[in-house]
Amino acid sequence: MSVDTEKPDLSADATDRMSELSQIIDAYNRVTENLQRSHDTLTAEVQRLQEQLASANAALERSRRLAALGEMAAGIAHEVRNPLASIHLYARMLDEDLADRAPQQDIARKIADAVRGLDAIVNDVLTYARPMNLRPHVAIVDSLLRRAVEVVKPMISAAGVTVNFAIEDEDMVITCDGELVHQALVNLIRNAVQAMEDVAGNKVLTVAGRREGAAAVLSIADTGPGIDEQAIDRIFNPFFTTRHTGTGLGLAIVHRLVDAHGGTIAVHTPGSKSSSGQRGAVFTLTFPDHEEATDE
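My numbering puts the sequence shown at residues 212 to 507.
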């Protein structure tokens with residue numbers, strides 16, 4: 212009878228077990244990495260959806276405010292404009308009747324001017340509140356910018372402002388409601404010129420247009436005193452203004468016009484003030500490719 216005295220190969224068995232353990236650990240790590248990637252993807256997706264929801268809620272709240280403002284504007288148009296028209300008519304009649312009494316005639320003219328100012332406020336409120344019904348067509352950016360400057364030319368000349376055009380491509384086009392964009396540009400150019408009226412240094416208005424991918428970027432820059440940081444965050448809010456005159460609706464209307472096209476508007480003040488108090492401001496309008504534009 213023979214006895215098997217050969218010892219089992221424990222080292223080989225341990226190696227096999229270590230190999231199996233290593234495979235298990237590798238598989239666990241792969242699963243963990245996949246789970247982490249899935250978690251990161253889901254987290255990013257949740258964040259994206261939350262941002263979309265916040266944006267949609269903001270748009271809904273804005274629509275509600277506009278609807279309320281629209282009702283108020285309709286009431287203003289009915290209750291205020293008719294009396295204003297009567298007051299303006301009577302003031303003009305007084306102006307004619309008081310031709311031989313200069314002090315009283317001056318008062319009548321001041322009344323007429325005040326009525327025109329109130330009527331402008333009513334017009335701005337109505338413009339801001341009414342729905343933006345776009346009539347999009349292909350428009351040449353160069354023509355849009357130059358036509359807007361031409362409208363403000365008397366004010367530009369009176370203020371001693373020099374105009375620089377920096378249009379990347381004279382044939383560049385955008386699909387937009389040309390009249391609404393024209394209105395927005397005229398408003399921005401007027402604001403820029405008004406900002407430079409009391410400036411002692413060079414008064415330069417730079418009107419620019421360029422492409423950024425499929426988007427068209429239009430900008431209006433001035434060499435005025437600039438805009439304070441505290442004001443920049445509120446600059447497009449209805450009824451907010453940094454001037455002693457005006458309704459504070461001009462830039463809010465521009466914001467609505469651009470937003471109706473699915474575009475964006477931004478403002479920044481480059482650099483620090485110069486010795487003459489000039490810092491300047493740049494308003495940038497970005498219009499998406501026409502396929503992305505939306506009606507409001």
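Ideal Cβ placement from N, Cα and C applies to all residues, glycine included.
- Between Val404 and Val352, the gap from beta carbon to beta carbon reaches 9 Å or more.
- Here His479 carries a strand assignment [DSSP, helix/strand/coil].
- Annotated three-state conformation of His472 is coil, per DSSP.
- Ile378 has Gly420 as its beta-bridge partners, per DSSP.
- According to DSSP, residue pairing for Ser354 in a beta bridge does not occur.
- In summary, Gly371 is exposed, with fewer than 16 beta-carbon neighbours lying within 10 Å of its beta-carbon over all protein chains present.
- At least 9 Å separates the beta-carbon of Ile446 from that of Gln394.
- Only residues of its own chain outside the window of five on either side were considered, and among them none has a CB closer than 8 Å to the CB of Glu256.
- The Cβ-Cβ distance between Ile431 and Val418 falls below 9 Å.
- DSSP, read as helix, strand or coil, puts Ile443 in helix.
- For Val326, the enclosing alpha helix (DSSP H) has its first and last residue at Ala313 to Ala340.
- Taking 9 Å as the cut-off, the Cβ atoms of Arg346 and Asp388 count as close.
- The continuous alpha helix (DSSP H) containing Leu305 extends over residues Arg292 to Asp308.
- Gly424 counts as exposed, since fewer than 16 other C-beta atoms from the protein chains shown sit within 10 angstroms of its C-beta.
- By the Cβ neighbour-count rule, Phe450 is exposed, with fewer than 16 other Cβ atoms within 10 Å of its own.
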